[in-house]
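Written out below as structure tokens is the structure these notes cover.
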Amino acid sequence: MSKWITKTEKSVLPLYAAGLAALLCCALLPVYRLWALAVTAALTAGAYLAAARLCPDRVTRIEQPFLTGREDADEMLAAIDKGVKQLRALNDAIPDDALSASISRMEKAGQGILAELERSPDKAPALRRFANHYLPDAVKILSLYARLDAEGVRGENARAAQSSVEANAASIAAAFENQLDALFAAEALDLDTDLVVLQNMLKGQGLG
12 MSKWITKTEK
22 SVLPLYAAGL
32 AALLCCALLP
42 VYRLWALAVT
52 AALTAGAYLA
62 AARLCPDRVT
72 RIEQPFLTGR
82 EDADEMLAAI
92 DKGVKQLRAL
102 NDAIPDDALS
112 ASISRMEKAG
122 QGILAELERS
132 PDKAPALRRF
142 ANHYLPDAVK
152 ILSLYARLDA
162 EGVRGENARA
172 AQSSVEANAA
182 SIAAAFENQL
192 DALFAAEALD
202 LDTDLVVLQN
212 MLKGQGLG
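Using the numbering used here, you'd call the opening residue of the sequence shown number 12 and step up by one each time.
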């Protein structure tokens, strides 16, 4: 989910104006005198304030695709989001029904991983291999398949490459689904424990 952050950039012109005023005062006034020092200070401050009014701080709003509070999770979310979108585009480009079904499974699992990581950014370390290798590698081999198919490349090597992708796509989709399922391992364990405790409580009260 996209979020917006506000960034404030201070203008350097007020500092330049103050510095210029100080230099002029030093050149024109006997700054070794107390009154001259006071005038220099007043003119320098006045120049700074005047320039600050003419050149206020610049405030910009920057869209952040993900903002979980963890930089590593945000970077990983952006990478996974990009990969899932690439899978969607490849799915549209590849006409093979069986392969398309496997890509749809990859995309669905990727979306689930994306949603769970955004909800629980502390799970980022468990997804590093998926984000850095499994997903981009899947996009790479599917992109090769789509290119060969679109260009109508014929030949033994091209057909062997496409057949290999077709034969392994379902396994890759299953690996994506297993990765998603693994994210809920701790929750499943906690749920089993809670159920056992609840059952024991009910039995203890004669309700089980």
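Note that beta-carbon positions come from the ideal geometry of N, C-alpha and C, so glycine has one too.
Item, Value
"Integer Cβ distance of tyrosine 145 from alanine 186, believed to fall under 8 Å", "7 Å"
"Meets three-Cβ-pair contact criterion under 8 Å: the region 53-65 and the region 17-33", "yes"
"Arginine 8 vs alanine 184 beta-carbon contact at 8 Å", "In this structure the chain extends from 12 to 219, so residue 8 is not present and cannot be described."
"Nearest-angstrom Cα separation, counted from glycine 57 out to tyrosine 43", "21 Å"
"Under the three-state DSSP convention, the category arginine 69 falls into", "strand"
"Enclosing alpha helix (DSSP H) for leucine 35 [first to last residue]", "24-39"
"Threonine 19 - DSSP class collapsed to helix/strand/coil", "strand"
"Own chain, CB closer than 8 Å to glycine 80, minus 5 neighbours either side, in chain order", "Pro132"
"For glutamine 173 and tyrosine 156, the rounded distance between their alpha carbons", "6 Å"
"Spatially closest choice to aspartate 92 from Gln122, Glu82 and Ala112, by CA coordinates", "Gln122"
"Separation of alanine 52 from leucine 24, as counted between CA atoms", "18 Å"
"Among Glu177, Phe141 and Leu194, nearest to alanine 112 - alpha-carbon criterion", "Glu177"
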